[in-house]
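Asks:
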Amino acid sequence: MGQVNEAGFATAGSMERLYELLQETGMGPGWNKPEPSLYPLPKKNFVPAHWKYALAKPALDAAGLYVDTEQAERRNLILFNPAASDRYATARTMIAAYQMVMADETARSHRHSPNAMRLVVDARPGAYTVVEGKKIPMVPGDVLLTPNGCWHGHQNESDASAYWIDFLDAPLVHLLGPMFFEQHPGGLERAVEVDERSPMRFALTDVQRRLDSTTDAQPGRRELRIGPPFLDTMAVYVSRLEAGCNFAAERATANSIFAVIEGHGQSVVDGQEFEWRRGDVFVVPSWHRHSGKAAERSHVLRVTDEPVLKHFNWLRHE
Ligand code: GTQ
Ligand code: FE2
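Everything in the sequence shown is counted per the working numbering, starting at 613 for the first residue and increasing by one.
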């Protein structure tokens, strides 16, 4: 194969030769790709999956024996989607992770461009997340927001390990590129004040009270959006499902990660069945159908990239 120049193309002689020449130019024939780049419906590259707290908790306890928070920035277990090739994302734009901080332990402060939020699963009084220099109590069922750019660390002054679930839009940041991460110069940011009423904290007791005066979206199911403030990339909802309630959602272009605040039930996601309990996580990736039934009165958190899709006019339900 000779040097590619104008004359080379002029005298290519055949389509095959044209392809050979093109290979050396950094250009490719858009009409001859193995797969079209535009297609009629969303591809379902991520698959439904379920992670059990009954397994995550002992896994974190074991990790506690071997890795401390000096070594590990965070003692977290990332819930990677079984179908994702990058072994990182839970859904295309978001990760969920279980995290644990032991009694008397801290996780140093940092800040980053991904947005983050947490759902507390098990914690005793004295467990805090430190956001922008204030201690925010971590009480089971609480939702705690860490918008991008906020300093945050964790501090456990209780007598027991604290467990929670993190949600970040880091895979979206990977996709778009603007990743920035910075360690706090002081390790764990110094914090004295305990801010029970932080705008970043949505206590389960308050969420419950607001749900009490919300009307049903479907018989036996009501939903509340958490906020303000809102994260730009992830919307957070809490659903209350009464015992025996059947629910069904349209499939959507948005991804949803669910975490069970309390209760027990069953979900079917594109034919796959998940029996969920308190502390479990499951993912309903873009364009998958979801229905299910609550076995008992349940509260379920949903974290979704809906705001991103909505912003670009890509949010569709069917
Ligand atoms: O607690 O700051 O699961 O930065 C992943 C990245 C938790 C956190 C994760 C993080 C954090
Ligand atoms: Fe972080």
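Glycine included, every Cβ here is placed at the ideal spot set by N, Cα and C.
Computed from a predicted structure; not experimentally measured.
In chain order, what residues of the same chain have a beta carbon less than 6 Å from the beta carbon of residue 871, not counting five sequence neighbours either side?
Replies: Numbered from its first residue, the sequence shown carries residue 871 at position 259. Hits under 6 Å: 731, 777, 893 and 913.
Asks: For residue 695, which residues of its own chain have a beta-carbon under 7 Å away from its beta-carbon, when the five flanking residues on both sides are left out?
Replies: The residue given as residue 695 occupies position 83 in the sequence shown. Closer than 7 Å at Cβ, skipping near neighbours: 657, 658 and 659.
Asks: Taking residue 628 as part of the beta strand (DSSP E), name the residues at either end of that continuous run.
Replies: Position 16 of the sequence shown holds residue 628. Here residue 628 belongs to no beta strand (DSSP E); instead the alpha helix (DSSP H) covers 627-635.
Asks: Return the CA-CA distance between residue 692 and residue 715, expressed in angstroms with no decimal places.
Replies: The residue labelled residue 692 in the question sits at position 80 within the sequence shown. The residue labelled residue 715 in the question sits at position 103 within the sequence shown. When rounded, the distance between both Cα atoms is 27 Å.
Asks: Within the same chain, show all residues whose beta-carbon is closer than 6 Å to that of residue 925, passing over the 5 residues directly before and after it, in chain order.
Replies: By one-based count along the sequence shown, residue 925 stands at place 313. No residues qualify anywhere along the chain.
Asks: Let me know if residue 923 comes out buried or exposed under the rule of 16 or more other beta-carbons within 10 Å of its beta-carbon.
Replies: As a first step, residue 923 must be located in the sequence shown, where it is residue number 311. Under this definition residue 923 is an exposed residue.
Asks: Measuring alpha carbon to alpha carbon, tell me which of 824, 621, 718 and 727 ends up nearest residue 782.
Replies: Stepping through the sequence shown from its first residue, residue 782 is reached at position 170. Ranking the options by Cα distance to residue 782, first place goes to 727.
Asks: Between which two residues does the alpha helix (DSSP H) containing residue 685 stretch?
Replies: As a first step, residue 685 must be located in the sequence shown, where it is residue number 73. No alpha helix (DSSP H) holds residue 685; DSSP gives it neither H nor E.
Asks: Span of the alpha helix (DSSP H) holding residue 622?
Replies: Here the question's residue 622 lines up with position 10 in the sequence shown. Residue 622 -> alpha helix (DSSP H) spans 618-622.
Asks: Which term fits residue 931, buried or exposed, when burial requires 16 or more other beta carbons within 10 angstroms of its beta carbon?
Replies: Residue 931 is absent from the structure shown; the chain starts at 613 and stops at 930.
Asks: I'd like the span of the beta strand (DSSP E) that includes residue 749, first residue to last.
Replies: As a position in the sequence shown, residue 749 is number 137, starting the count at 1. That run of the beta strand (DSSP E) goes 746-749.
Asks: Could you give the residue range of the alpha helix (DSSP H) that holds residue 847?
Replies: The sequence position of residue 847 within the sequence shown is 235, counting from 1. Where residue 847 is concerned, there is no enclosing alpha helix (DSSP H), although the beta strand (DSSP E) it sits in stretches over 847-853.
Asks: Quick check: what's the CA-CA separation for residue 668 versus residue 734?
Replies: Here residue 668 corresponds to residue number 56 of the sequence shown, with the count starting at 1. Here residue 734 corresponds to residue number 122 of the sequence shown, with the count starting at 1. Approximately 12 Å between the Cα atoms of the pair.
Asks: Grouping DSSP H, G and I as helix and E and B as strand, with all else coil, what is residue 768?
Replies: Looking up residue 768 in the sequence shown gives position 156. Here residue 768 sits in strand by DSSP.
Asks: State yes or no: is the C-beta of residue 680 nearer than 6 Å to some heavy atom of the ligand GTQ?
Replies: Position 68 of the sequence shown holds residue 680. No, the ligand GTQ has no heavy atom inside 6 Å of this Cβ.
Asks: Less than 6 Å between C-beta atoms, sequence neighbours within five positions excluded: which residues of the same chain meet that for residue 835?
Replies: Here residue 835 is taken as the residue at index 223 of the sequence shown, counted from 1. If we look at residue 835 and ignore the five residues flanking it on each side, its Cβ neighbours are 829, 849 and 851.
Asks: Look at residue 801 and residue 723 and say whether their C-beta atoms are less than 7 Å apart.
Replies: Along the sequence shown, one-based indexing puts residue 801 at 189. Along the sequence shown, one-based indexing puts residue 723 at 111. No, they are not a contact pair.
Asks: Following the continuous alpha helix (DSSP H) through residue 775, name the residue where it begins and the one where it ends.
Replies: By 1-based counting over the sequence shown, the position of residue 775 is 163. Taken as a continuous stretch (DSSP letters only), residue 775 belongs to no alpha helix (DSSP H), being part of the beta strand (DSSP E) at 774-780.
Asks: Using 7 Å as the threshold, is the C-beta distance between residue 654 and residue 888 below it?
Replies: Position 42 of the sequence shown, counted from the start, is the residue given in the question as residue 654. Position 276 of the sequence shown, counted from the start, is the residue given in the question as residue 888. For residue 654 and residue 888, no; Cβs fall outside 7 Å.
Asks: Thinking just about the alpha-carbon of each residue, which of 756, 626 and 736 is nearest to the one in residue 742?
Replies: As a position in the sequence shown, residue 742 is number 130, starting the count at 1. That would be 756, whose Cα lies nearest to the Cα of residue 742.
Asks: Using a Cβ-Cβ cutoff of less than 7 Å, which residues in the same chain neighbour residue 877 once the five nearest sequence positions on both sides are dropped?
Replies: Walking along the sequence shown from the start, residue 877 turns up at place 265. Around residue 877: 853, 888, 904, 905, 906, 907 and 910.
Asks: Cβ of residue 778 versus every heavy atom of the ligand GTQ: is any distance shorter than 6 Å?
Replies: Residue 778 sits at position 166 when you count from the first residue of the sequence shown. Answer for residue 778: yes, Cβ within range of the ligand GTQ.
Asks: Just curious, the beta strand (DSSP E) that residue 662 is in, first and last residue?
Replies: In the sequence shown, residue 662 corresponds to position 50, counting from 1. It spans 661-663 - the beta strand (DSSP E) in which residue 662 sits, taken as one unbroken run.
Asks: Which word fits residue 729, buried or exposed, when buried means at least 16 other C-beta atoms lie within 10 angstroms of its C-beta?
Replies: By one-based count along the sequence shown, residue 729 stands at place 117. The residue is buried, with at least 16 neighbouring Cβ atoms inside 10 Å.
Asks: Can you have a look at residue 575 and say buried or exposed, based on whether 16 or more other CB atoms are within 10 angstroms of its CB?
Replies: Outside the modelled stretch of the chain, which goes from 613 to 930, sits residue 575, for which no answer is possible.
Asks: If we ignore side chains and look at the alpha-carbon of each, how far apart do residue 879 and residue 902 end up?
Replies: Counting from 1 along the sequence shown, the entry for residue 879 is found at position 267. Counting from 1 along the sequence shown, the entry for residue 902 is found at position 290. Cα-Cα distance, rounded: 7 Å.
Asks: If you draw a straight line from the C-alpha of residue 563 to the C-alpha of residue 712, how long is it?
Replies: For the chain, the structure presents residues 613 to 930; residue 563 sits outside this window and is missing.
Asks: Which value, in whole angstroms, describes the spacing of the CA atoms of residue 721 and residue 856?
Replies: To locate residue 721, count along the sequence shown from 1; it is residue 109. To locate residue 856, count along the sequence shown from 1; it is residue 244. So the two alpha carbons sit approximately 43 Å from each other.
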